[in-house]
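With our numbering applied, the sequence shown closes on residue 552, and no number is skipped along the way.
The structure under discussion appears below in the form of C-alpha cells.
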Amino acid sequence: MKKPLLVLFLFGAVSIFGQSTKGKNITVAIPSYAKKPVPKNVKTYMGGFANSNDAALPFTEEAFNNALKFQDFTKLTDENGTPDFLFALKGLTIKDLDMKFTRNKGEEKYSVSIVPNSDAAISVLTMLNGESVHYNRIPVLAKADSQGKIIPEVITFDFEEEEKFLIIFGEDKVKGTPYLVEEYLRRSLGKNFLAKELTPLLYADYDNRSNSEAEKFYFIKDKKTEGLEDETKAKVIAFEEMSAAFTNLEELRSGKEQLQSFRTYWEEKLATYDLSSKVGKKAGWGLIMNLYNVALMQEDFDAASKYMDMALETEEKKWITKAKRNDFNKHYERYTFNYDTATGERIYSEGYTVDPVLAEIARKEAIEGNNIDNEVGYVIKGDGEKMEGKISMRFSPQEKEAEGGNIMDVSGDTTAKRVTVTYVNAKGKTKNSSLKCKEVSEIVIEDRVFEPVNPKKGFIKSTEAGLSGFNLNSTIFMERVYVGTGIKLFKDLTDTDTYYFSIEGVKKAETASAEFFASCPVLAERIDSGEFSKSEEDQIKIAKAFSEACK
2 MKKPLLVLFL FGAVSIFGQS TKGKNITVAI PSYAKKPVPK NVKTYMGGFA NSNDAALPFT
62 EEAFNNALKF QDFTKLTDEN GTPDFLFALK GLTIKDLDMK FTRNKGEEKY SVSIVPNSDA
122 AISVLTMLNG ESVHYNRIPV LAKADSQGKI IPEVITFDFE EEEKFLIIFG EDKVKGTPYL
182 VEEYLRRSLG KNFLAKELTP LLYADYDNRS NSEAEKFYFI KDKKTEGLED ETKAKVIAFE
242 EMSAAFTNLE ELRSGKEQLQ SFRTYWEEKL ATYDLSSKVG KKAGWGLIMN LYNVALMQED
302 FDAASKYMDM ALETEEKKWI TKAKRNDFNK HYERYTFNYD TATGERIYSE GYTVDPVLAE
362 IARKEAIEGN NIDNEVGYVI KGDGEKMEGK ISMRFSPQEK EAEGGNIMDV SGDTTAKRVT
422 VTYVNAKGKT KNSSLKCKEV SEIVIEDRVF EPVNPKKGFI KSTEAGLSGF NLNSTIFMER
482 VYVGTGIKLF KDLTDTDTYY FSIEGVKKAE TASAEFFASC PVLAERIDSG EFSKSEEDQI
542 KIAKAFSEAC K
C-alpha cells in the first residue's frame, strides 16, 4: 500500500532535522597577540592623566591605573619610579562640546543641551622610556535615532548647583565648567568605558595575553540517540568550567593536555557523521567549530586552518564561517609578529617608529608656546611714538571660543598680524590698543625684538588658515635673530624651524635658497651644496656670510 505524500514528507523531515547542533554562548580563554610587538626590555607600565586644567574625564587617575591589567608586563607601584610604558589620557574640554543653556526661573533649574563636536575624542598617548611613540583617539560620538537625527544629552540641575556646573559672566552669559564636561562624559560613555573600550584598545596594541571571550560552542540535538544531547551539552559546560582556570597566556599554554581531551572527544563525535550528507553537514559544522576554537586555544594553527577549511566545505552558515576565517587570518598574522612560527620563540621589536601625528602635535604645541601674553615691553609705532606697557601677540591659530554666540569676524586671519598693548594713559586709566603690522616699526620685550616682515610663501602655505575675508596680505610679525650689513634674519613664530632673510632693497623676505642669494654666487654655491642645516645657528652663518662676502 502506498503511503500518503504527507506521511512521506513528515518522515523525511524527521530524518533530516532529527540531527543538528545547537549553540551555547560560553566564556573561554582565547590567546591575543600584540599588534605592535614590544622591545625586549619592556617590563613595567603605569597609567596616568595628561589633562590640562580645563580638561575632564569621568573617572579618576587612580581608577584608570587600577583598570589597566596587562599580562605581559608588571604594573609599577612605586610612585617615585619610572615605568617603561606610560599610558597618558587627556579628556575633553568645553571647547569640544556644543552647549545650549536654558534657565527656568519658575522651577529654579538650568538645562544644558550638549552635542559633541565632530572631532571630539579622548586622547591616549603612549610613552616608552620617556619618549612619546604612539597616539590614539577614541571618538566621543553624538547619539542618534534610527533615522540618523542627532539626540542631544540634556543635563538639568538646580540653581543651588550653578557654581558646580557653570561659570557665569553676567545675567545672560555663561559657559560650562570642567565638572559639566565630566558629567556629560559619565552619561555619554557609560560605566563600562574603561573595561570595555579603553583598556582593550591598549591590550590589543601591546599585550600578549589570554582574553576571556564569549564564544559559541555547539552540542548535538539528536532525537534518535537517547542521552546524546545531554552528554554533549554537559561537555560544553565542562569546557567552560575548565577554561575559567586559564587567566593568562602562560596558564593557557600549560593546559594544552586538558584542552586535548575535549578536542579528542569532539573529533570522535565528528567521525560518526558523513559530511557529504545534509544531516552530517548540519551536525558536523557545529562540532568542527568547537574543534577550531580548541585548536586556536592550543595555538595549533595548522589544525585551526584545517578545521576552517572543513567548515567552509560544508557550506553551512557560510556568513559565520567566512567571518571566522577572516578573524583567523588576522589572528595568525599577529602571532607571526610576536613569535617565530618554526620555533615558537618570542620576537621583539627593535623599537617603535614615532607616530607622525605626534610630530604635528609637538609642532602645534611649540607654536602655541610662542604666544606672548601680557609681557612687559614697548612698541615703536611707524611715526616713532613709543608705547610702553604689557605686550600680547598670538602666533598660533585662534581657538574656538567656548561660550558660543559671538559675532563672526570676517576681516581675515589675524594670526601674527596684531599686537595688543595694555597701558595706563595720562588720566591713570588702563587701556588696550590693538595695532596692525603696518602701524608698527618694532616691538621690544626685554632682549627680544620683533618686526613686521613680508615673507614670500607658497599659495597653499599662505592660505592654510583659509581665505576668510579674502585677506591675502602676508605681512606678519617675526622675531629678529640677527642683523648684519644689508641683511636681517627673522624667525617665523607661526611655524617651527623656519627662518626668513630680508635683504636691503628686496621687497619680500625669503627662506635660504641659492636662487634668493643669486646676487652672491659664493654663498649661493655653498647653500646649493647642502652645507647649511635648518638650525638657527646655521641660518645665522648664512646671514653673516652674506654680510662678509657680498656687502
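Even glycine gets a Cβ: it sits at the ideal position worked out from N, Cα and C.
Boundaries cannot be given for Lys37, as no beta strand (DSSP E) includes it and DSSP labels it neither H nor E. The beta carbon of Glu230 is closer than 7 Å to those of Phe220, Ile221, Lys222 and Asp223 in its chain, skipping five residues each way along the sequence. Beta-carbon to beta-carbon, Ile477 and Glu376 are separated by about 18 Å, too far to satisfy the 8 Å threshold. A direct Cα-to-Cα measurement between Gln399 and Thr416 gives close to 7 Å. The stretch 65–114 contains, as complete beta strand (DSSP E) runs of 3+ residues, the segments 86–91 and 98–105 (chain order).
Thr421 is bridged by DSSP to Ser393 and Ser435. Take Thr61, set aside five residues on each side of it, and no residue of its chain has a beta-carbon closer than 7 Å to its own. For the beta strand (DSSP E) assignment, the uninterrupted runs of no fewer than 3 residues enclosed by the stretch 152–183 are, from N- to C-terminal side, 154–159, 167–169 and 175–177. Remark: C-beta atoms of Leu93 and Ala64 do not approach each other more closely than 9 Å. Pairwise C-beta distances place the stretch 166–179 out of contact with the stretch 40–50, as fewer than three of them are shorter than 8 Å. In its chain, beyond the 5 residues on either side, Gln259 have a beta carbon closer than 7 Å to the beta carbon of Met243. When the five nearest sequence neighbours on each side are left out, the beta carbons in the same chain lying within less than 7 Å of the beta carbon of Val295 are those of Leu260, Phe263 and Arg264, in order along the chain. For Leu195, there is no enclosing beta strand (DSSP E), since its DSSP letter is neither H nor E. Cβ-Cβ separation between Lys509 and Pro456: approximately 7 Å, consistent with a contact (criterion under 8 Å). Shown here, Ser548 sits in a helix according to DSSP, grouped into three states. Setting aside the 5 residues that flank it on each side, Asn212 is surrounded in the same chain by Ile31 and Ser33, each with a C-beta closer than 6 Å to its C-beta; the list follows chain order.
Below 8 Å, too few C-beta pairs join the stretch 333–342 and the stretch 98–108 to call them touching: fewer than three. Between Thr354 and Leu129, the alpha-carbon positions lie close to 11 Å from each other. The residue from Ala272, Asp498 and Ala143 with its alpha-carbon nearest to that of Leu186 is Ala143. Assigned with DSSP and collapsed to three states, Phe240 falls in helix.
Put simply, the backbone Cα of Ala196 is about 12 Å away from that of Phe71. Under the Cβ criterion (8 Å, minimum of three pairs), the stretch 153–167 does not count as touching the stretch 368–387.
Note on geometry: alpha-carbon atoms of Glu549 and Thr486 lie some 8 Å from one another. CA-CA distance, Glu232 to Thr226, rounds to 11 Å. It is roughly 28 Å from the alpha-carbon of Lys318 to the alpha-carbon of Ala205.
Annotation for Tyr483: the continuous beta strand (DSSP E) segment containing it runs Ile477 to Gly485. In the DSSP assignment, Gln20 is bridged to Asp223.
For Glu132, there is no enclosing alpha helix (DSSP H); the enclosing beta strand (DSSP E) has its first and last residue at Glu132 to Pro140. A Cβ-Cβ contact shorter than 9 Å links Ala515 with Asp529. Asn212 carries a strand assignment under DSSP once its states are collapsed to helix, strand and coil. Taken atom to atom, the span from the alpha-carbon of Ile362 to that of Leu98 is near 21 Å. For Thr127, the enclosing beta strand (DSSP E) stretches over residues Ala122 to Leu129. Our two residues, Lys217 and Phe194, have alpha carbons roughly 25 Å apart in a direct line. Under the three-state reduction of DSSP, Val358 is assigned to helix. With a beta-carbon spacing of about 5 Å, Ala305 and Leu297 fall inside the 8 Å limit used to define contacts.
Phe247 and Ala215 have their C-alpha atoms some 14 Å from each other.
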